[in-house]
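What follows is a set of notes on a single structure, which appears directly below.
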Amino acid sequence: VVASLWYLAIQVHRSTRIAKLTAQDAATSALRDVTKQFSENAELGRIWRIGLENINALSPDDRARFYHVTFQFLKAMETIHLHFIYGLMDEQVWRGWWNLYRHYLASAGLEHYWELRHDLFSERFQDLVRSVVKPGEPMTVANLLGTEAKTEG
3 VVASLWYLAI
13 QVHRSTRIAK
23 LTAQDAATSA
33 LRDVTKQFSE
43 NAELGRIWRI
53 GLENINALSP
63 DDRARFYHVT
73 FQFLKAMETI
83 HLHFIYGLMD
93 EQVWRGWWNL
103 YRHYLASAGL
113 EHYWELRHDL
123 FSERFQDLVR
133 SVVKPGEPMT
143 VANLLGTEAK
153 TEG
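Written out as structure tokens, the structure is:
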């Protein structure tokens with residue numbers, strides 16, 4: 003009986019760990035699916051890059067596309083946060099995502115969208131966004147270009 007209970011405990015632990023890894027991968031895949039569009043579609047990548055820094059530099063049609071992908075991006079972030087809260091994401095993995103979010107949430111384009119549409123997100127996620135300590139110099143795909151020359155030795 004003891005051996006059976008021991009075996010069962012090991013199987014439950016293993017199954018829980020596999021479920022956690024699967025959920026973690028599904029959540030992060032959602033964000034990868036959103037951002038993958040930017041590398042596969044040059045026009046959408048351009049809209050994202052410009053919109054992050056200066057949404058008014060986009061045409062009305064491009065601004066609408068920016069809003070659409072911003073919603074997808076933020077919903078993927080919300081999903082990752084939810085997985086972390088429910089213990090389905092390792093804290094170190096979460097910290098990496100959180101550090102990325104801080105930079106993007108500090109971009110002018112995402113700040114503008116958030117002011118307009120924050121009500122589309124859970125109150126828990128809204129609280130998280132309100133708690134963001136913005137980096138002194140936000141680094142997003144919009145302003146990483148050109149930093150290569152600074153790091154060459």
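Take the sequence shown: its letter number 123 is residue 125 in the numbering used here, and every next letter is one higher.
Just so it is clear, CB atoms sit at the ideal spot from N, CA and C, and this is done for glycine as well.
Outcome for residue i when other beta-carbon atoms lying within 10 angstroms are tallied against a minimum of 16
i, result
"R65", "buried"
"P140", "buried"
"I49", "buried"
"E45", "exposed"
"V36", "buried"
Residue i vs residue j beta-carbon contact at 8 Å
i, j, result
"R104", "V143", "no"
"L107", "V131", "yes"
"L33", "I82", "yes"
Anticipated Cβ contact below 8 Å, residue i with residue j, distance rounded
i, j, result
"A110", "I52", "The Cβ separation is near 11 Å, so there is no contact."
"F68", "L60", "6 Å"
"S31", "E80", "At roughly 15 Å, the Cβ-Cβ gap does not stay under 8 Å, so S31 and E80 are not in contact."
Return the chain-ordered ranges of every alpha helix (DSSP H) run that is complete within the region 37-73 and spans a minimum of 4 residues.
-> 44-55
Uninterrupted alpha helix (DSSP H) stretches inside the region 69-124 (no shorter than 4 residues) | 93-107, 110-119
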